[in-house]
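J.:
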Amino acid sequence: MDYIFKTNNLCKNYGSFAALKDVNMEIPKHSIYGFVGKNGAGKTTLIRLLCGLQTPSSGSYELMGIKNDSADILKARRKLGAVVESPAIYKDLTARDNLIQQCIMLGLADLKNVDELLDIVGLSDTGKKKAKNFSLGMRQRLGLAIALCGNPEFIILDEPTNGLDPQGIIEIRELVIKLNKERGITFLISSHILDELARMATHYGFIDKGHIVRQMSNESLRKESHKAIKMTVNDTKLLAKAIESRGLKYKIIDNRTADIYEDINFSEMAKLCDKTECIIEKMEENEENLESFYLSLIGGGKNV
Numbered sequence: 215m216d217y218i219f220k221t222n223n224l225c226k227n228y229g230s231f232a233a234l235k236d237v238n239m240e241i242p243k244h245s246i247y248g249f250v251g252k253n254g255a256g257k258t259t260l261i262r263l264l265c266g267l268q269t270p271s272s273g274s275y276e277l278m279g280i281k282n283d284s285a286d287i288l289k290a291r292r293k294l295g296a297v298v299e300s301p302a303i304y305k306d307l308t309a310r311d312n313l314i315q316q317c318i319m320l321g322l323a324d325l326k327n328v329d330e331l332l333d334i335v336g337l338s339d340t341g342k343k344k345a346k347n348f349s350l351g352m353r354q355r356l357g358l359a360i361a362l363c364g365n366p367e368f369i370i371l372d373e374p375t376n377g378l379d380p381q382g383i384i385e386i387r388e389l390v391i392k393l394n395k396e397r398g399i400t401f402l403i404s405s406h407i408l409d410e411l412a413r414m415a416t417h418y419g420f421i422d423k424g425h426i427v428r429q430m431s432n433e434s435l436r437k438e439s440h441k442a443i444k445m446t447v448n449d450t451k452l453l454a455k456a457i458e459s460r461g462l463k464y465k466i467i468d469n470r471t472a473d474i475y476e477d478i479n480f481s482e483m484a485k486l487c488d489k490t491e492c493i494i495e496k497m498e499e500n501e502e503n504l505e506s507f508y509l510s511l512i513g514g515g516k517n518v
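Residue numbering for the sequence shown is 215 to 518, as defined by this note's numbering.
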């Protein structure tokens, strides 16, 4: 398999704090790679290293087959686009003028693709409207258009649907899938909205405490996903005491419901709950989604 980005025991330290620890990660070409991890897990640090904003403390990585210490790494980064945190746009300019400015910065004399990019991201009818008057979804699409100016092979999106309304989320999702299928662009998408990420991703990388815990394809995820047991009880604090006595993986939903990611029958669960005076009101199986798989992978309780 060809990889557009891969690392070899990549480490990044900030003083005595190890943000990344011996990271080995492979992103297949033409994939949509969902990068999953909670805040502080190392996602942003790895993205900054990939973009050349920081250098590794040890280890190495390859971008489009070029090692990070090679003089040619800058050539590889010219084929890389990124929208990190919030789109870098000129709010007092129109969408079209924003793209023109980006083309000029990249040294692209041919501006013929500007109108094509506006059409691709659905901003061709914005005319003289300035970006400061755009909705959040429109700004995200403009940021993606800016990332497309250099005809990249690889695009990084950090929380692309954060704060968007349902329609904006759908638009970004459909745009990513379209660019991946029609242009063969590889995407690395970091997102906390896991159910939405599952609608796009073809591959996943799970990171926790600076380590890559697991990498897998969407097909493998579907095969390995198991059912979660949804519990409805009188008090989830009492339930937590019961299931922690057995070391079961779980997630508290609210003060009366919780998900358990273990194979346990009703009679076993009833015995555990009896010890803490937890009353079971309902117990049913649910299919595991990406969020519950991630929680079962890194552990429930304090890890949620």
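Positions of the beta carbon are idealized from the N, C-alpha and C atoms, including for glycine. Remember, predicted model here, so these are calculated numbers, not experimental data.
What first and last residue would you give for the alpha helix (DSSP H) that runs through residue 487?
T.: 480-490
J.: Can you tell me whether residue 228 is buried or exposed, with buried defined as 16 or more other CB within 10 angstroms of its CB?
T.: exposed
J.: Measure the C-alpha to C-alpha separation of residue 461 and residue 329 and round it to an integer number of angstroms.
T.: 58 Å
J.: If we ignore side chains and look at the alpha-carbon of each, how far apart do residue 472 and residue 508 end up?
T.: 16 Å
J.: Please return the same chain residues whose Cβ sits closer than 8 Å to the Cβ of residue 386, not counting the five positions on each side in sequence.
T.: For residue 386, the CB contacts under 8 Å within the same chain, skipping 5 residues up- and downstream, are 351, 354, 355, 358, 374, 375, 378 in chain order.
J.: Evaluate contact between the segment 327-343 and the segment 293-301, counting only Cβ atoms and requiring at least three cross-stretch pairs below 8 Å.
T.: no
J.: For residue 244, tell me which candidate among 434, 503, 455, 391 has the shortest Cα-Cα distance.
T.: 391
J.: Hey, would you say residue 444 sits closer than 9 Å to residue 496, going by beta carbons?
T.: yes
J.: Whose C-beta lies closer than 6 Å to the C-beta of residue 215 among residues of the same chain, with five residues either side of it excluded?
T.: 242
J.: When DSSP builds the beta bridges, which residues end up paired with residue 471?
T.: 446
J.: If you draw a straight line from the alpha carbon of residue 343 to that of residue 427, how long is it in whole angstroms?
T.: When the Cα atoms are used, residue 343 and residue 427 turn out to be separated by approximately 45 Å.
J.: If you compare alpha carbons, which of 407, 421, 487, 323 is closest to residue 446?
T.: 487
J.: For residue 253, count the other beta carbons within 10 Å of its own beta carbon; 16 or more makes it buried, fewer makes it exposed. Which is it?
T.: exposed
J.: If you drop the 5 nearest sequence neighbours on each side, which residues of the same chain put their C-beta closer than 8 Å to that of residue 303?
T.: 312, 345, 353, 356, 357, 360
J.: Please specify which runs of the alpha helix (DSSP H), each continuous and at least 4 residues long, are wholly inside the segment 392-454, giving them in chain order.
T.: 408-411, 432-438
J.: Return the first residue and the last residue of the beta strand (DSSP E) that residue 297 is part of.
T.: 294-297
J.: In whole angstroms, what is the alpha-carbon distance linking residue 469 and residue 448?
T.: 8 Å
J.: By alpha-carbon positions, which one of 226, 230, 293, 380 ends up nearest to residue 424?
T.: 226
J.: What is the DSSP secondary structure of residue 219, reduced to helix, strand or coil?
T.: If DSSP states are grouped into helix, strand and coil, residue 219 belongs with the strands.
J.: Within 10 Å of its beta-carbon, does residue 510 have 16 or more other beta-carbons around it, so buried, or fewer, so exposed?
T.: buried
J.: Is DSSP giving residue 311 helix, strand or coil here?
T.: Shown here, residue 311 sits in a helix according to DSSP, grouped into three states.
J.: Going along the chain, which residues of its own chain have a beta-carbon closer than 7 Å to the beta-carbon of residue 476, five neighbours each way excluded?
T.: 462, 463
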